[in-house]
Every structure is written in structure tokens, then in C-alpha cells.
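Enquirer: The structure is given below, and queries will be raised subsequently.
Residue numbers (the working numbering), protein chains in the order written: chain A, 1 to 451; chain B, 452 to 625.
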């Protein structure tokens, strides 16, 4: 059983309340941090090797050290709780069941960064979780962990929850800031980065929920201890939200040394695929990362076992690998249709494009329409090439990464499952009632012998 | 700021106006526009589940911003309804992970059961059916949002029970 740092107390009855959370050792990191210098806290986070858990995987300590500190200007910490990447529902779990862990991490981060007013921007649909967080904030305040002069340290901090209103784009940090300012969620052109000019033009750090929660064990145990867990640049533990065709969908805290195969088939994790079906494909890190066929998912092109960490999941680049992303792990069994799955994702990105950049605004609509055409047996062979061409023209040509996020799933689906697309074109009637099936997608890969 | 300067008869209750003041205080002086999203939620709950133009104009006066600043935000975010919806709004997720677990069949079943198309409201004004994109409940698919809560692991039987539950609630309230 892997060591748990975030969810070890998740099953304790009443852990959602301040009383039980505190009794179980909660808020120790605040007591410790308030006695440290802010530079030392940032140093511990750097030493931990913690990487942003929202999807991009940027080193958190480095992000914190970029924060500008001009005299007399307020600085802000904003928690990105706008979890909206299809397949991802881990932050929801943390906030719903252990809300104090996020608040504790945020108090430490607020102190380290000098934020006296910190905001949690939560997706609007998580309405009931907003209530849970506000209750927890009020409890923390009543017990002296928020408000004026926290634990006599002289540090003041208030915390507020802001509900979004349904827009995936607000997970992009500058769109989130725009939204928090009461505007449409249109991403800003960078630079300047939020660390220099963020919320209300003040220096701002935006961190994901899980990232901020991880600050608690880092401060409690020390950055070096944290970095001992995992492998390479994948330190600490990672929450994976697993869904699709598996026996045990849910949230798992893993240390990043286990194999993808173990994660899918072990009873400790996903528990295998229901009804004895075989694995066809998987999107291992949220809908925007490349889909892989079973063979490339379990084994890298070099013939090595693929592991559940940043490096191994991206081994082979986009040609034969994928990404850790947000940890949204979507499994497809042999009866699933990759064309249909890709169509729903293209529809998602079309719906969520903010419309600011034309390659994304127009291109996502084109991709959705062409994929619908192919899925409904009305596609032509040239549509597959057109689809490839469109995604190439979106990628890298937009202000924010939503364009890339929309292009990648389409590109990977064609790259690895082109014959399934062609089968739809060649079998316009049959594809309405039957699926292409598993075919060769789980066959062992020929590994070229290199000198 | 005079929070009670409403347009026509659109007016928050005293209690809601206190809430509005409390929300505005979360932001620095002069940054009250930040309160727009939370106050639009408040207004939608208060004024019949959607945002009519006079409601948006009222919010503009409350926040001392131009009406267009409210319209452009209200039309950007999918949770704000710009036309009337039924008393119970079924928002069924149809994105990848829910599709893999049968959301298409659930949507079809609701359409047949309520005899409406996606986007429509039943003649009695009770139900509106909408399809939505990923709501972050992928492990508990298929699912829908109903008011402030999620209804997960949907089956035809569960849909029947939810419809029944809504009808009973509506009957009690009448």
C-alpha cells in the first residue's frame, strides 16, 4: 500500500469538521510555518520538487519565487478550483471531504507569498462544495487560523470562495483572473505573467487545489522527505481520478512508481475492466492529453513497462507517448468507439472555446462537425486528412493552451487509430450499429533492436 | 452606495441586499465589479431561475457598472439562463467519460419520458432538459445536475424516481 500524504485521514469520520481535523493533527503546518521565514518556506517547497497538479506540472517553488514584491502593493494567492478537464474530479474529492486540508495549505502559502486576501475560485457547478468550504473557512477563522494576527504572528489573512458560472476556459490562470474580476473568461496575452501583473494588476500566484494541499505535508515533513517519495522529477504523491470502463472508478493517491498495468488491473486501484472485457485504449491525464492504444499504454516504444509518472507517461513524446496532465485517467474497453469518444471531446472543446482566437473558435467547430460526419457514416477519406490539417493549424496558434488541448486528442486519435476512422468511412452503414472493436490495438509492439 | 435603487419592480429582498453588500466587501475598494458572478447567481435564484434584461440592468446599477458589462458576462457563462427554464432543470452530461458509461441512452430516455427535445420545457412548465459538457463527476457517470446537487450513477429507474420526486415536490408547493 502506497504512502498517503493527502488522503490518509480521508476516511476518518467527521474529518470535514474543524474539531476532528484538528484532533487528527490538522493545522500543525500553519503553527510551524508562521515561525519560519517566508524565504525558508519557499525553499522547502522548492526542495520538495512539487510540480503543479493542475495539469501543466510546472515546479511550484519556482512559480512562488517569481512573485514580484513591489513595496506597498498587495499580492494575492488564488486557488484554482475550476476543475473542468473531462476525466478529472480529484479536487472535488479533496474539497468535499477534507476541506480543511486545502485551507491549511492556503494559509501557509498565503503567509509565504504575503497574501492577506486569498481567493478560492471554484467551478460554479460545485455549488454544494462552496457551502462546505465557506463553513470550513468560518471554523478556521473562529479558531484563530484566519483573520487578524494569526496565532499572534502579526500575519493577517482572509479567505473567500468565488463561484464561477460554467466555463472550462476559466481553469486557464489568466482567464480565471479575468473572471474573478467580474469579466468574461478571456485569457490574457502573456507576458506580463500573473506573478508580475495578475489579479487587479497586482502580483498573483494561481495554484491548483491539490498543489496547495500538498504544501501541508511538505511543511510538516520537510521538503527533502517529500522528495524521497516517487521517482526522478515526479516527487511526492499524486491524486488520480480514474473513470470510464473500470471496476472501481474513483480517486486514488499513488506514489509515482507503480506501473500503468498495476494501476488498471490491481484491486488496490481500478480493479480491472468490467465483464471480462479487454483494454482497448486510455487517456491517462485528462481529455486533452493524447489517447494511447493498449499496447503503447502499458509498454513504451522502447519496450519498457510504462509507469504512472510525469516522465514515463510522456516517454516517446507525442509520437508514442502521452502525458500525466491533470491525472484524469479515462479507460476505454474493447467495445468503445474511438471516433465517437473523440467526437464528444471535440464537441466539448468547441463548446468551451472562448472565441477570442480564430484558429480555436473556428477550428474546434470544424473538427466537431467533421467528426460527427464520420461517426454518422457520412464521412469521406479526405475528411480524415482535413481533420489532421485543421488540428495542425490550431496547435500553437492561440493565446492560451485551450487550442492545443483541443488539437491533441484529435491528432492522437488519428495517429494511433487511423484504421478505425477509415473503417467508418468504408462501412457507412455498419458503423451505425457496430463498433470496430479491439483489432490489433493490444498486440505486442515490435521493438527495434538498437546498436 | 444606495443598494435599494432598483429599476421597475426588480428588487432584492433586504436579506439578499445584505448578502450583496457582504460579497462586495470581499474585494478591495473600487473593485466591486468582481462581485458580478456571485450576484448573478444570487439573482438567478431569486428571480425565477433566469436572467431577464431588467434583472441584469438592476445588477448594473447595484454594482455601478454599465448594463453591457453585465450582458456580456451573463451571455458568456453557461450556467446563466437567458431565457425562462422549467421549475426543474435537468442538465445531463454528455462528454466522453459519461458517454462511455451510457449518457446517450439516459438522454434518450429522458426525452421520451418527458416527451421533449433537448433544450425544451414541458408544457406544464415543470421540466427543462439540457445537455451539458463535463461537470467533474466522471467516476460516477452517467450523471446530471439538478439545482445545487449532482445526481449520479443514473439509470432509467433513477430517472423515473427523480421525475417522481420533482412532481411530488411541485404538488406540495402548489
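Virtual Cβ for every residue (Gly too), placed ideally from N, Cα, C.
Keep in mind it's a predicted model, so treat the numbers as computed, not measured.
Which residues in the same chain as residue 463 (chain B) place their Cβ atom closer than 7 Å to its Cβ, once the five residues preceding and following it in sequence are excluded?
Expert: Only 471 and 497 meet the Cβ criterion.
Enquirer: Name the residues in the region 523-555 of chain B whose C-beta lies less than 8 Å from a C-beta of chain A; which are they?
Expert: Here the close residues are 523, 524, 527, 528, 529, 530, 531, 545, 546, 547, 548, 550, 551 and 552.
Enquirer: Which class does residue 141 (chain A) belong to by DSSP, given the choice of helix, strand or coil?
Expert: Helix at residue 141 (chain A).
Enquirer: Tell me, please, whether the CB atom of residue 69 (chain A) is closer than 9 Å to any CB atom in chain B?
Expert: By this cut-off, residue 69 (chain A) is not an interface position.
Enquirer: Nearest to residue 599 (chain B) by CA position, among B:534, B:605 and B:495, is which residue?
Expert: Of the candidates B:534, B:605 and B:495, the one whose C-alpha sits nearest the C-alpha of residue 599 (chain B) is B:495.
Enquirer: With C-beta atoms as the reference, is residue 610 (chain B) less than 9 Å away from residue 578 (chain B)?
Expert: No, these two residues do not count as a Cβ contact at 9 Å.
Enquirer: Out of B:580, B:525 and B:460, which one is the CA nearest neighbour of residue 559 (chain B)?
Expert: Residue 559 (chain B) has its Cα closest to that of B:580, out of B:580, B:525 and B:460.
Enquirer: If distances are taken between C-alpha atoms only, which option among B:548, B:487, B:551 and B:557 comes closest to residue 521 (chain B)?
Expert: With distances taken between Cα atoms, residue 521 (chain B) lies closest to B:487.
Enquirer: In three-state terms, what does DSSP make of residue 312 (chain A)?
Expert: In this structure, residue 312 (chain A) counts as helix in the three-state DSSP scheme.
Enquirer: Classify residue 604 (chain B): buried if its beta carbon has 16 or more other beta carbons within 10 angstroms, exposed otherwise.
Expert: By the neighbour-count rule (16 or more Cβ atoms within 10 Å), residue 604 (chain B) is not buried but exposed.
Enquirer: What does DSSP give as the partner residue(s) for residue 508 (chain B) in the beta ladder?
Expert: For residue 508 (chain B), which the question treats as bridged, DSSP gives no partner whatsoever.
Enquirer: List the residues of chain E that residue 608 (chain B) touches, going by C-beta distances under 8 Å, in chain order.
Expert: The structure shown contains no chain E; the protein chains it does contain are A and B.
Enquirer: Quick one: what does DSSP say residue 454 (chain B) is sitting in, helix, strand or coil?
Expert: Bear in mind that the predicted position of residue 454 (chain B) carries a pLDDT of just 43, short of 50, making it too unreliable to give a figure here.
Enquirer: Considering only C-alpha positions, which residue in the set A:395, A:259 and A:299 is nearest to residue 309 (chain A)?
Expert: It is A:259 whose Cα lies nearest to the Cα of residue 309 (chain A).
Enquirer: Does the region 277-293 of chain A come within contact of the region 424-443 of chain A, defined as at least 3 CB pairs closer than 8 Å?
Expert: Judged by Cβ distances under 8 Å, the region 277-293 of chain A makes contact with the region 424-443 of chain A, as three or more pairs qualify.
Enquirer: Rounded to the nearest angstrom, what separates residue 530 (chain B) and residue 163 (chain A) at their Cα positions?
Expert: Answer to the nearest angstrom: the Cα atoms are 11 Å apart.
Enquirer: What do you get for residue 612 (chain B), buried or exposed, if any count of 16 or more other CB atoms within 10 angstroms of its CB means buried?
Expert: So residue 612 (chain B) ends up on the exposed side.
Enquirer: Classify residue 542 (chain B) as helix, strand or coil using the three-state DSSP reduction.
Expert: Here residue 542 (chain B) sits in strand by DSSP.
Enquirer: Mapping DSSP to helix, strand and coil, what is residue 618 (chain B)?
Expert: Three-state result, residue 618 (chain B): helix.
Enquirer: Could you check where the alpha helix (DSSP H) with residue 20 (chain A) kicks off and where it finishes?
Expert: That run of the alpha helix (DSSP H) goes 18-23.
Enquirer: For residue 456 (chain B), which residues from the same chain have a beta carbon less than 7 Å from its beta carbon, with the 5 sequence-adjacent residues on both sides left out?
Expert: Annotation note: pLDDT 45 at residue 456 (chain B) (below 50); position unreliable, coordinate value reported separately. Correct list, in chain order: 512.
Enquirer: Are the C-beta of residue 137 (chain A) and some C-beta of chain B separated by less than 9 Å?
Expert: No, residue 137 (chain A) does not count as interfacial toward chain B.
Enquirer: Determine, for residue 564 (chain B), whether the minimum Cβ-Cβ distance to residues of chain A falls below 9 Å.
Expert: No, residue 564 (chain B) lies away from the interface with chain A (no Cβ there is under 9 Å from its Cβ).
Enquirer: Evaluate residue 367 (chain A) with the Cβ neighbour count: other Cβ atoms within 10 Å of its Cβ, from every protein chain shown; 16 or more gives buried, anything less gives exposed.
Expert: Flag for residue 367 (chain A) reads buried.
Enquirer: CB-CB under 7 Å to residue 627 (chain B), same chain, minus the five flanking residues each way: which ones, in chain order?
Expert: Nothing can be reported for residue 627 (chain B), as the shown portion of chain B is limited to 452 through 625.
Enquirer: Among the residues of its own chain, which have a CB less than 7 Å from the CB of residue 475 (chain B), if the five just before and after it don't count?
Expert: Closer than 7 Å at Cβ, skipping near neighbours: 483 and 486.
Enquirer: Is any beta-carbon of chain A found at less than 9 Å from that of residue 583 (chain B)?
Expert: With 9 Å as the cut-off, residue 583 (chain B) counts as an interface residue toward chain A.
Enquirer: Answer with buried or exposed for residue 194 (chain A), where buried requires no fewer than 16 other C-beta atoms within 10 angstroms of its C-beta.
Expert: Residue 194 (chain A) is buried by the Cβ-count criterion.
Enquirer: When you compare only the Cα positions, how much space is there between residue 35 (chain A) and residue 264 (chain A)?
Expert: Answer to the nearest angstrom: the Cα atoms are 43 Å apart.
Enquirer: Any chance you could list the alpha helix (DSSP H) runs of at least 4 consecutive residues sitting entirely within the region 242-304 of chain A, in chain order?
Expert: Qualifying alpha helix (DSSP H) stretches, in chain order: 260-265 and 294-298.
Enquirer: Sorted by chain position, which residues of the same chain lie with C-beta nearer than 7 Å to residue 7 (chain A)'s C-beta, five sequence neighbours on each side aside?
Expert: Hits under 7 Å: 253.
Enquirer: So, is residue 215 (chain A) buried or exposed, given that buried needs 16 or more other C-beta atoms within 10 angstroms?
Expert: The residue is buried, with at least 16 neighbouring Cβ atoms inside 10 Å.
Enquirer: Using a Cβ-Cβ distance under 9 Å, would residue 452 (chain B) count as near chain A?
Expert: Its pLDDT being 38, under 50, residue 452 (chain B) is placed unreliably by the model, and the measurement read from it follows with that caveat. Chain A, which has no Cβ nearer than 9 Å to the Cβ of residue 452 (chain B), makes this no.
Enquirer: Interface residues of chain B around residue 183 (chain A) at Cβ under 7 Å?
Expert: Near residue 183 (chain A) (Cβ distances below 7 Å), the residues of chain B are 524.
Enquirer: By DSSP, does residue 553 (chain B) sit in helix, in strand, or in coil?
Expert: Coil at residue 553 (chain B), not helix or strand.
Enquirer: Quick check on the DSSP output: the beta strand (DSSP E) that includes residue 78 (chain A) runs from which residue to which?
Expert: Taken as a continuous stretch (DSSP letters only), the beta strand (DSSP E) holding residue 78 (chain A) covers 76-81.
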